[in-house]
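Each remark here refers to the structure printed beneath this line.
Chains as they are written, first to last, in the numbering used here: chain W, 1 to 329; chain X, 1 to 329; chain U, 1 to 329; chain C, 1 to 329; chain R, 1 to 329; chain S, 1 to 329.
Here is the structure:
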């Protein structure tokens, strides 16, 4: 998280904490007591001006809401800036739902400019159709791209003429996964599903799990650009090959930093007690993502390294500079 | 106030407090001591991050200034966000003077769009010519409307070709009321003054007292749209008739919420120690009023109720949702 | 500082503090200890919501960084709004580098409008080529002006066809001063250097030391407008003559208030934990400078005084009004 | 409470708050939630250094414990000084159990000295055998008195040779009331029970309810001294007669102030995080009660009024003096 | 003050502040506003746990009361420990009235033990009959001494058989000074009044102004012991002679430290919200004064210096040790 | 620590923290930086009203002083109650030096009363001659005991007529250990040194290391009473035998609780800013130790268990009761 925040230059840090439990075995009342108890325990050590937790696996907006409420007992007033991922109704941010995908889109747009790639009718394959993947597909389609391949645990589907993304989203909402999507839409199933990565597309968006592009399949990747919406979709060995092949990679901690950026916006808005319209959130997100993209690209070119290394140079350099200025090193 | 804030979706609540006294019998020095004493008494229980008083009858900007100053003794620094209605020179907001009228204009504009009514040359009658009424008349005239009727305690005046609003404002500034305005301007007096409500106009703006549109005169209302700038200008019984007659009503706690919205902006600006230009205040007000208008209209249509009921559904629903999320119910 | 802040209407005050020492005789470690010790001593009495120090002679961004860091030990969290002039990497503001020159440019633009002077090809002479002077020359050149004279301790240089400002900036970066600039660029040296003030230009920008325009040389000033980027470049006696000659003066504490204004922005941004893009900083600076310029001009015209007196009337009047409203006088 | 605290000169004030409910209809879990909720509601406005609640009817040590625990969530540390009446195990005071009776004993001892009455073999009647009455009987017996009459709702019992107080206490612990005590101990029942007030004793201790000594029975009172352990046992009319008869009265808010005094000690000890041995509590209680007794007596003699009036003069005078010194009046 | 506190080993420091004004020219209302304004100005920088002002010339208990009350507005609760010298009714300490004299008595008692001087019938002369002098005379008389000489601005009086101190105190209360005391009491006037210093007594107590024992009269001093109740009664040159003559001197900042010690007790008691009986105050004062006396004497003997030097060695040594331990030097 | 505090009923808890380093390899400057850095890190989470660290191995009073000083930077005032083990000069407690031994003496005195053992001429053996052991020997000698055996790493020494404890202490101060003590004093060396445990004495005081009384030597123990000054001197198996043999054991966490008790006094005194004379410290220590001794003994007798088990019953019971009352279980 420290490097992700640093690469997009937002004043948040890293750090993680959690509770060992299985929320699936707990009642709502137990979850509420646990959430409130956790905040009672950490509430003196965090705060809107100190450290600000964000959601992670097995938390949801309701859990963040309970924690925000419990924190208010400690402070004596409602301090929504203490935690992010809250429902909009009690201080969440507009635009948080598809923030990761929106952030990715901004980096893809800049990369396309850099590569001289027109997005109109550019072909796109998306692996993973959860929040990040489905929104990325939808947003790229809005930008005029043709989404020729999508996949999730229910299977991978391909259509040269472009998949109807809205229909796919609706289908998943009803059926849970994409399985059987070819029965209702004009497309064909790819087997094994991993073949979605190997489609001959302009833009490949891995938005599923870690370790999908590996030494085994990297030689079959035909995309001109890989926009890593997922965390760690490319293994280090495969990454080296991508670089050698000259494929333009937008590394994960740059590409998917839109989520944490809007979390940061949520903190800022909560602290101001003032909330931005969705358009302002998106515009500010765009400003940050674009600036980060070019900082990374210029650094990579300056040091003649790939984008991932360039992004680390930017991120580590910023943290180091701040530490040095504050006199810590 | 709770519902008014909720319908425009600003994070303030309700609650009232006051002092039993007659400020007209008090010297300035007594008023100052009273204002400071009141703040000493409540100052530990309110604050820029807790509860923020706003002005009401018999307070004025100077009184709010004394209270803000006294609060600073408790906090040890100047905290203008603790109270609203302050003079601009010490942290008041630009655009607070005609905020109610500006807010009303935004809802009228959206309502006109909805009704397919062009504001250019649309006819308007305004009852009441105080802060809300005179500014509403002025602003609607700026939007191209023809103000064919105005009134205040000095009488009602009518002109088919449109009243010169600037002249009327100047006249009232000099003479206290509109009485005799027909002697200096091309218009005729209406008697009784209540006839201003019954003019055959596109837009009727009651901006005076409560209970003006009643069972007695509601059947004579000819306006296509009633924009309630006043608080409670329509009796419940008359409201039912307006609905039956198909007259489009912008209910008071939506229509006149511009005032509290800019109070809220004043708190936000004071907390940031940063003040927006008048244009930014107006633009942000517009964003909020428009969004609120459409939320109310869509809700009214969804549940097939009139706008007033729709506004309550929106407001109560928002408070209920927030309470539920925070675990209070 | 009180009047400078008041004339641009920003909510900061005056007040100075310092340490008697010679930083040139101190090691970095000594400077760090001194800076931290100073903050330990004053840190309980200042703060982001109370009083906010800004840099002055012999401080630099690193010193401000140490102080901000030390303050964080007292508060228990990083509070960048406590101090301004910090490096951007730890909470400084975009646009602070050339803020004084940018602020001056905004007042020059408005003055030009007022005088009916087209900036395109207008001739400009700039005395002083440090931060304020060189940036002012660069920015005015960007606006289309012809910079016909510049000077610093290394000498004054003149070119009727316009000096290449970018080249001059580069030259000073390499050589320390302008001395010898005529050997690399198409221009001639003026001796004595003070003659740069007497060039026949539309706009004269004194951006060096105090007391440059005096009773001795004021009669030779031919500029139509004098924009005082420096502090106190004109003696009171010379000022009187400028007024008599009808030369339009933008008085120093208005003309060079861009620096403190962006310092103020730095505090606001630090308190929000949100940082504006450079464009937003510049736009907000423009809004403030323009509004201040016209307030001064209108006041000068209303009371039939020169701009300097007009600026004092505005500034003192604002402070007096605020004090009266808060019940202090 | 204000006068009671003032007459014994302890720095606490008056003020009451409560919850409308019937604790007898509530489960322990409901009582805990109610107690914690009450503290969440008032916890920002009270505190060990501000206002300190003490127990009253229908509260018990467990309830005070819950409240103290809940307050610790607000403060972030255990602050036992916020509330009194806590169990000793979590910060209650030694000697609180029989504090009222101990306080009364100290005043009786001083009164006896004043009257030249030897406590050894002095006869005592006690009305009421709850906490105050039974402990008063026990303590006076320890001082050598002969307890010739006791009573409670179960009846009144009389023995010229002295009742075995320890046995009576044990009997009530087992049987709930004194009813039938004459069957196990050498004494006779008095009917009606009120006759206990009319026994020919040196010291009468009303320790039951209000309004026991009335116009009807005051003429039958034969005691030399009446020590009012109960609140308001004497009606105003009867009080006048007692004065006329020359009976020495220790008025209730002096006589029974031992309870609030040890509550005060509990606050002091909790704030110090240091707890006094029972002997120190008793000694400090004695010091306070003795000093209060003589202040009242001397005032009564100085102004030639009865003790009750003297006590009011002392108490009101102290509050008035403090208010005057602080500049409130 | 730093050395005085250090020599008696109480955890207070030095430091002074004041207001330039003439309280004799001010009304009570002006004094109150001044006192409150002063506290508003310094109230953020002092406090019961930081720095605690004590009274000095031209302050009185009422002034300290106003300041304590004003401080309570800042803190939000009554914090009597912030200031000392308050009236007992609002948190002053018992025993503060004659604390200086009581402290002096304790040192005289120890010195007498050291010198083998019996206080019973020891002869004493006291210069000055204000608070310190008259109380010292009274207390030494209580210890069995014969007060053979007293003086104030009204004159000096001598009686070999001992002056009736109670009568003298009463006389001054009625007449302002001792002038004429020989007309009502069996004693003779000494002229000039300074002769009181030269009486042949066991103990001489200068309790008036600075610089009374000088090079001129030191050779006439016949006392065995000089107990300096006043500040600086002995000039450095005279001090040297006293040492040479072998007269035992209790130096001022030890001898008169009883006042600041009870000020310190007042702070401690206010912070505890618990007040000690007069006996406990006196006992604790005695403990401190005795311990200080012997520390000084042992140090003087150890280093073979006079008591004054010994006292400085003790005081400076304690401050130095604390600074070293805290890492300041 | 939790059980030790609970058995003596002082309101402190357990919990440990530390730094992994070897202070013997560090300079004073490094130790100071480490100590201050540690406090900067934990200083927000502890405090005089929250958690209060005490010294442990490899800390010393200077280290505690640095930490107290650093804490004062965070709080803004000197708060000595935050940490214990400080030098007396900056807020340490009188009587801390031999607190463990004094506490042990109080328990031995009560145990002797219980056993009918006269301390006058009772024989005592002490294993260990560090702080606890040497002071215990000295104090028991003061009580009239005959110290017939002492030991440390330098050897064990025995004298039927009693060892000169003062001389032994002086010897160790000069020579580091007792080795060779028999050459200067009338006593004989015991070999192996462990034989000191097996002397035929009334009272055996193990004051050295853990695990000294084991299954191997327990059968040789002849003492009537074992007072465990060390932590864990008896193995569980040996403990069982001691119980079987009817030897009266004062278990370690009761016997040596004097140290933590005076640490607690140090916190209390620092918070009050008032320091008790050594006599008051000792008297309050005595009160606490005696009360704890009898609570343990009565519990052991009530449940017919040995003293160690009785002490656990007391300690665990107190913690459990407090947790239950506060609603945690």
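Glycine included, every Cβ here is placed at the ideal spot set by N, Cα and C.
The beta strand (DSSP E) enclosing residue i, as first and last residue numbers
i                      : result
residue 152 of chain C : 146–152
residue 123 of chain R : 123–127
residue 248 of chain S : 248–250
Beta carbon of residue i nearer than 7 Å to that of residue j
i                      : j                      : result
residue 147 of chain R : residue 124 of chain R : yes
residue 202 of chain C : residue 254 of chain C : no
residue 127 of chain W : residue 208 of chain W : yes
residue 163 of chain U : residue 150 of chain U : yes
residue 278 of chain S : residue 95 of chain S  : yes
residue 289 of chain R : residue 111 of chain R : no
residue 99 of chain X  : residue 315 of chain X : no
Within chain U, partners of residue i - CB distance below 9 Å
i                      : result
residue 308 of chain S : Result: empty, since nearest Cβ-Cβ is about 44 Å, beyond 9 Å.
Run of the alpha helix (DSSP H) containing residue i, from where it starts to where it stops
i                      : result
residue 206 of chain S : Unbroken run through residue 206 of chain S is the beta strand (DSSP E), 203–206; no alpha helix (DSSP H).
residue 223 of chain R : Taken as a continuous stretch (DSSP letters only), residue 223 of chain R belongs to no alpha helix (DSSP H), as it is neither H nor E.
residue 63 of chain C  : 61–75
residue 267 of chain S : 258–272
Chain-ordered chain X contacts of residue i [CB-CB under 9 Å]
i                     : result
residue 40 of chain R : 73
Interface residues of chain S facing residue i [CB-CB closer than 9 Å]
i                     : result
residue 77 of chain C : 47, 49, 50 and 51
Within chain S, the residues that residue i reaches when beta carbons sit closer than 7 Å
i                      : result
residue 289 of chain R : None at all; the shortest Cβ gap to chain S is about 12 Å.
Which residues DSSP lists as bridging residue i, in chain order
i                      : result
residue 97 of chain C  : Note: residue 97 of chain C sits in no beta bridge, so no partner.
residue 190 of chain C : C/156
residue 234 of chain W : W/213
Proximal residues of chain U, C-beta to C-beta of residue i below 8 Å
i                      : result
residue 318 of chain W : 89
Contacts of residue i in chain C (Cβ-Cβ under 8 Å)
i                     : result
residue 65 of chain R : 325, 326 and 327
Contacts that residue i makes with chain U (C-beta to C-beta distance below 7 Å)
i                     : result
residue 62 of chain X : 325
Neighbouring residues, chain W, relative to residue i (Cβ below 7 Å)
i                      : result
residue 322 of chain X : 89 and 90
**Q.** Every unbroken beta strand (DSSP E) inside the segment 279–316 of chain C [3 residues or more]
**A.** Segments of the beta strand (DSSP E) lying fully in the segment 279–316 of chain C: there are none.
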